[in-house]
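Visitor: Protein chains in written order, with the numbering used here: chain A, 18 to 99; chain B, 12 to 153.
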Amino acid sequence: MTQVFTPEQVAGMLQLSKNTVYDLIDKGEIMAKRFGRIYRIPAKSLSFIFTGLDSDLLYAEKEDLKNIDAVQSAIAKIRRGK
Amino acid sequence: MTPPKIKVFVDSDVIISSLISNRGAAFILLHDQPQLSLIFSATQPEELNRVAKRLKLNLNKLNQLINLKLKMAKSKKLHFTGTEKLVIDPDDRHIAAGLIASKPRFFISYNLKHFRTEKIKTELGVVCLTPAQLLQYLRSLN
């Protein structure tokens, strides 16, 4: 199950005020789901906090890493002159 | 006035990765970032061709990429003096020699564990990152 956070928790993690987090949600910079009057923010929206990368860039890096072992093994063999 | 392009030295694993998937960070870095000047060393075209053949990749696509997107480091003759302290695997010394010759601002590789990145930063002033890390940095400039 996807982990979710409250705006207050995210404000603490990012060292921002709660109002700034609500502003970022309004601007679409933090993706959140609204349930009536409350918001919940999925961990995926906070990719940058956990990985240093926005979620689309994390996805793009993972896409390359699927094949990186084969790529690096081929490069290593050629660099070793095999 | 257009700001000067950011000089980026690209390792072979990034160039090859960009040929495998057009959704990966390597492809985005090499195709969609006009503010970058992408550099590689004189020894890499042959290496890239051999790797592409081994992995059965499209050689035409590789050569198009080399001709259209990448610039060869100005110094065609690589000097290996001082390169041994910048790498962990001596087989990567030609990449270190390329960094010394081209003086980029960034070195981009998926194989940073084989390079002494702190030494490269302190001695050459070159920041070592993965493709996605550089893309993240570029976002912070906008």
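Virtual Cβ for every residue (Gly too), placed ideally from N, Cα, C.
In its own chain, which residues sit with a C-beta less than 7 Å from the C-beta of A/Leu70, not counting the 5 before and 5 after it?
Guide: The answer, listed in chain order, is Ser64 and Glu78.
Visitor: Name the chain A residues that come within less than 8 Å of B/Tyr121, Cβ to Cβ?
Guide: What B/Tyr121 touches in chain A: Asp81, Leu82, Ile85, Val88 and Gln89.
Visitor: Taking only the alpha-carbon atoms, compute the straight-line gap between A/Gln89 and B/Asp24 and give it to the nearest angstrom.
Guide: If I take the Cα positions, the gap works out to 6 Å.
Visitor: Give a yes or no on whether the minimum CB-CB distance between B/Leu149 and chain A is below 8 Å.
Guide: B/Leu149 does not count as touching chain A.
Visitor: For A/Met48, which of helix, strand or coil comes out of DSSP?
Guide: It is coil, neither helix nor strand.
Visitor: How would you label B/Leu108, buried or exposed, when you count the other beta carbons within 10 angstroms and need 16 or more for buried?
Guide: The sequence given here places Ala at residue 108 of chain B; Leu does not occur at that position. Its Cβ being crowded by 16 or more others within 10 Å, B/Ala108 is buried.
Visitor: So the beta strand (DSSP E) A/Arg57 belongs to, where does it begin and stop?
Guide: A/Arg57 -> beta strand (DSSP E) spans Ile55 to Pro59.
Visitor: Please name the residue, chosen from B/Lys67, B/His105, B/Glu134 and B/Thr92, that lies closest to B/Val21 on a Cα-to-Cα basis.
Guide: Checked all of B/Lys67, B/His105, B/Glu134 and B/Thr92; the closest Cα to B/Val21 is B/His105.
Visitor: Taking DSSP as the reference, what is the three-state secondary structure of A/Phe67?
Guide: Helix.
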